[in-house]
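Note sheet for the following structure.
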Amino acid sequence: MIAFALYNLKGGVGKTTSCVNLAYLSAREGYRTLVWDIDPQCAASFYLKRAGGLNGKADEMFENTDDFQDLIEPTDHENLSIIRGDIRNRNMDLILADLNKSKSRFKKLLKTIKTQFDYVFIDCPPVLGLMAENVFRSSNFVLLPLIPTTLSERSYHQVVSFFQSKSYDTRKIVPFFTQVDGRKKLHKEVIGYFKEHRLKHLRSSIPQSSVIERMGINQSPVHIYSPDSQPSMAYRNLWQELKWMRKLKRIR
Ligand SMILES: Nc1ncnc2c1ncn2[C@@H]1O[C@H](COP(=O)(O)OP(=O)(O)OP(=O)(O)O)[C@@H](O)[C@H]1O
Ligand SMILES: [Mg+2]
Numbered sequence: 278m279i280a281f282a283l284y285n286l287k288g289g290v291g292k293t294t295s296c297v298n299l300a301y302l303s304a305r306e307g308y309r310t311l312v313w314d315i316d317p318q319c320a321a322s323f324y325l326k327r328a329g330g331l332n333g334k335a336d337e338m339f340e341n342t343d344d345f346q347d348l349i350e351p352t353d354h355e356n357l358s359i360i361r362g363d364i365r366n367r368n369m370d371l372i373l374a375d376l377n378k379s380k381s382r383f384k385k386l387l388k389t390i391k392t393q394f395d396y397v398f399i400d401c402p403p404v405l406g407l408m409a410e411n412v413f414r415s416s417n418f419v420l421l422p423l424i425p426t427t428l429s430e431r432s433y434h435q436v437v438s439f440f441q442s443k444s445y446d447t448r449k450i451v452p453f454f455t456q457v458d459g460r461k462k463l464h465k466e467v468i469g470y471f472k473e474h475r476l477k478h479l480r481s482s483i484p485q486s487s488v489i490e491r492m493g494i495n496q497s498p499v500h501i502y503s504p505d506s507q508p509s510m511a512y513r514n515l516w517q518e519l520k521w522m523r524k525l526k527r528i529r
């Protein structure tokens with residue numbers, strides 16, 4: 278099992294959009310895939326028509342590790358399962374703080390399902406507390422969507438510095454650009470900065486497109502309602518690149 282976290286300290290950059298579209302592509306290729314929505318906004322759950330919370334089970338997630346399985350349910354898409362988001366996840370840092378080995382709890386949970394899934398995609402909220410530390414420790418890769426602006430560049434450096442301060446493996450961090458508008462000078466400059474400074478990032482990027490914004494209306498991955506669109510193609514390229522790089526162990 279490989280766990281990808283969609284993470285950025287910055288909000289609204291495309292974590293949820295990328296999580297749902299990449300997970301759908303993985304499932305469509307026959308990989309047993311799980312979306313774990315840990316964001317109290319529950320947007321990934323909404324896109325996959327599984328909003329509504331965990332029926333009081335969110336607080337118990339860490340009590341009995343064996344019960345973690347019970348949170349998993351199918352979606353409307355073949356091979357794609359979900360652990361729904363829940364508003365109570367807003368308290369997760371406080372719950373974790375009361376537990377021993379508080380930074381390794383996700384690792385313990387994911388271990389219980391490791392033979393059940395090929396890929397897990399964790400949709401994270403834009404926070405940097407104990408929940409995030411659990412994500413960093415338990416994921417194989419931390420996919421970092423970046424809108425090519427000055428603030429995103431800053432958030433990239435902040436995440437890298439945080440990893441360094443905790444001696445986490447920075448090679449796990451895999452940035453890629455989202456909501457790219459090739460006509461904007463700033464977007465070109467920021468992408469140029471990454472290239473010039475040889476900062477690792479995926480070659481595939483996701484364009485700014487109103488097709489993506491319709492995910493909320495359709496409650497569906499973009500590949501279903503607009504399979505020939507540019508963003509659908511861009512996410513397919515991104516997914517291929519992720520698999521390819523993994524195979525070559527370029528991002529491990
Ligand atoms: N490539 C894109 N083109 C146009 N709009 C996009 C694109 N990607 C995401 N969006 C829109 O930007 C908004 C934020 O996207 P998304 O919810 O994926 O970000 P997020 O990082 O998960 O946000 P949060 O930090 O709140 O969880 C949404 O309205 C989404 O439809
Ligand atoms: Mg989100």
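Heads up: the sequence shown begins at 278 in our numbering, then just goes up one per residue. Positions of the beta carbon are idealized from the N, C-alpha and C atoms, including for glycine.
Answer yes or no: do residue i and residue j have a C-beta to C-beta separation smaller than 8 Å?
{"i": "residue 327", "j": "residue 361", "result": "yes"}
{"i": "residue 421", "j": "residue 285", "result": "yes"}
{"i": "residue 358", "j": "residue 387", "result": "no"}
{"i": "residue 430", "j": "residue 467", "result": "yes"}
{"i": "residue 280", "j": "residue 417", "result": "yes"}
{"i": "residue 282", "j": "residue 419", "result": "yes"}
{"i": "residue 452", "j": "residue 486", "result": "no"}
{"i": "residue 339", "j": "residue 382", "result": "yes"}
{"i": "residue 456", "j": "residue 494", "result": "no"}
{"i": "residue 336", "j": "residue 309", "result": "no"}
{"i": "residue 278", "j": "residue 394", "result": "yes"}
Label residue i either buried or exposed according to how many other C-beta atoms from any shown protein chain fall within 10 Å of its C-beta, with 16 as the threshold for buried.
{"i": "residue 377", "result": "exposed"}
{"i": "residue 470", "result": "exposed"}
{"i": "residue 527", "result": "Low confidence applies to residue 527: its pLDDT is 48, below 50, so where it sits in the model is not reliable, and the reading given next is rough at best. Its Cβ having fewer than 16 others within 10 Å, residue 527 is exposed."}
{"i": "residue 410", "result": "buried"}
{"i": "residue 461", "result": "exposed"}
{"i": "residue 529", "result": "Summary for residue 529: the model assigns pLDDT 39, below 50, so the residue's position carries little reliability, and this model does not support an answer."}
{"i": "residue 287", "result": "buried"}
{"i": "residue 472", "result": "exposed"}
{"i": "residue 291", "result": "buried"}
{"i": "residue 314", "result": "buried"}
{"i": "residue 474", "result": "exposed"}
{"i": "residue 293", "result": "buried"}
{"i": "residue 331", "result": "buried"}
{"i": "residue 516", "result": "buried"}
{"i": "residue 316", "result": "buried"}
Would you list the one or two residues that DSSP bridges to residue i?
{"i": "residue 311", "result": "358, 397"}
{"i": "residue 471", "result": "Answer is none; residue 471 lacks a bridge partner."}
{"i": "residue 283", "result": "400, 420"}
{"i": "residue 457", "result": "484"}
{"i": "residue 452", "result": "421"}
Which full runs of the alpha helix (DSSP H) of 4+ residues lie inside the segment 326-351, going along the chain? Correct list: empty.
Any chance the segment 290-310 sits against the segment 380-400, with 3 or more Cβ pairs inside 8 Å? Counting Cβ pairs under 8 Å, three or more are found: they touch.
Please give the ranges of any alpha helix (DSSP H) in the segment 398-450, keeping only runs that are unbroken, at least 4 residues long and fully inside the region. Counting only runs of 4 or more residues that sit fully inside the segment 398-450, the alpha helix (DSSP H) segments are 407-415, 427-442, in chain order.
Segment contact, 8 Å Cβ cut-off, at least three pairs: the segment 342-352 with the segment 425-440: No contact exists between the segment 342-352 and the segment 425-440.
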